[in-house]
Amino acid sequence: VCFFRWDGSEFLGAFGDTPSISPQESPSDGKTISTGAIVAIVVSVVVFVVVLALGLVIWKRRLSYKTILRPQTHDDMTSPQSLQFDFTTIEAATDNFSRNNKLGQGGFGEVYKGMLPNET
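Counting the sequence shown from 1 gives a position; the numbering used here is that position plus 1424.
Here is the structure:
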């Protein structure tokens, strides 16, 4: 069995007179910025600066790797005239491809040491 009884008269004065809270008035000049807006601006600027700095570091690092890996074009070895000799000059420099002048075997064949007529 369930009994339900309702009587609202007991609670009418239980809490006394509570003062009503009036809303705070906002400044009427309209020139102040809220704390949340200031925080958002500062965080945005800091994030932008950090991303910009990281981008510059990555860009400089890639630029330095490219200069290290890029062959130097001013070297005498890359000019077309530097490595071109006729067969008779090579044959004379290696003493007719003597076994005494053989240094080893490479991926492109046998490797010989030689002395050119101008002693280079």
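Even for Gly, the Cβ is constructed at its ideal location relative to N, Cα and C.
With a CB to CB cut of under 6 Å and the five nearest residues on each side skipped, what residues in its chain are close to residue i?
| i | result |
| --- | --- |
| residue 1518 | 1525, 1536, 1538 |
| residue 1590 | Outside the modelled stretch of the chain, which goes from 1425 to 1544, sits residue 1590, for which no answer is possible. |
Please identify the residue among the options whose C-alpha is closest to the C-alpha of residue i.
| i | options | result |
| --- | --- | --- |
| residue 1516 | 1530, 1533, 1463, 1542 | 1542 |
Sort out for me which residues DSSP pairs residue i with in a bridge.
| i | result |
| --- | --- |
| residue 1533 | 1530 |
Residue i and residue j look like a contact to me (Cβ under 8 Å); what is the Cβ gap, rounded to whole Å?
| i | j | result |
| --- | --- | --- |
| residue 1540 | residue 1512 | Contact flag wrong, Cβ pair sits at about 12 Å. |
Output needed for residue i: all residues of its chain with C-beta closer than 7 Å, excluding positions within five of it in sequence on either side, in chain order.
| i | result |
| --- | --- |
| residue 1523 | none |
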